[in-house]
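The numbering of the sequence shown is the numbering used here, which starts it at 2 and goes up by one.
Note that beta-carbon positions come from the ideal geometry of N, C-alpha and C, so glycine has one too.
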Amino acid sequence: MIDIKKVAVLGGGAVALATSAELISAGFTVNMFELPEFRENIKSLMNEKRIEFSGVIGNGFTDLNLVTTEAEKALYDVGLIILAVPAFGHQAFVEACVPYLQNEQIFLIETAY
2 MIDIKKVAVL GGGAVALATS AELISAGFTV NMFELPEFRE NIKSLMNEKR
52 IEFSGVIGNG FTDLNLVTTE AEKALYDVGL IILAVPAFGH QAFVEACVPY
102 LQNEQIFLIE TAY
């Protein structure tokens, strides 16, 4: 069953991290997915699953539910998918995710050019 309080954030950069921290702080469960070719960029995050944040929402740490380079695991039973990468990366993420999309999931594109 699709759970709108369970979110997959696609990407491992600054926008993905900030989006994840804010959602977790608001009570959402967040899975983070990065493309396999960028695994090295999120290696420490895959081990710790913890984001340190500071800013408008305060200061502290949030814990990700899952950090993976496997789209199928990240998208399973989530209600909301947020693509948080620059426009030039959209196609690769969409192609990685399409086989695992489920009915009723919301796919939101949050981007900077």
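Problem - Reference VAL68; option with closest CA among VAL8, ILE3, MET2, ASP4 - result: VAL8
Exercise for the section: Have a look at GLU38 and ALA27 and give me their C-alpha separation to the nearest angstrom. Expected result: 31 Å
Practice task
Leaving out five residues on either side along the sequence, give the residues of the same chain with a beta carbon under 7 Å from the beta carbon of ILE5.
Solution key: GLY80, LEU81
Handout entry: Own chain, CB closer than 6 Å to GLU73, minus 5 neighbours either side, in chain order
Key = TYR101
Exercise for the section: Tell me whether LEU67 sits in a helix, a strand or coil according to DSSP, three-state version. Expected result: strand
Exercise for the section: Just tell me which of GLN103, LEU36, ASN104, ARG51 has its CA closest to the CA of SER19. Expected result: The sequence shown places Ala at residue 19, rather than the Ser named in the question. Closest option to ALA19, Cα to Cα, is ARG51.
Problem - Three-way DSSP call (helix, strand, coil) for LYS44 in this model - result: helix
Exercise for the section: May I ask you to list the residues that DSSP assigns as paired with ILE83? Expected result: VAL10, LEU109
Problem - Buried or exposed by the 16-neighbour rule on C-beta atoms within 10 Å, applied to LEU109 - result: exposed
Handout entry: N- and C-terminal bounds of the beta strand (DSSP E) containing GLU96
Key = Taken as a continuous stretch (DSSP letters only), GLU96 belongs to no beta strand (DSSP E), being part of the alpha helix (DSSP H) at 91-98.
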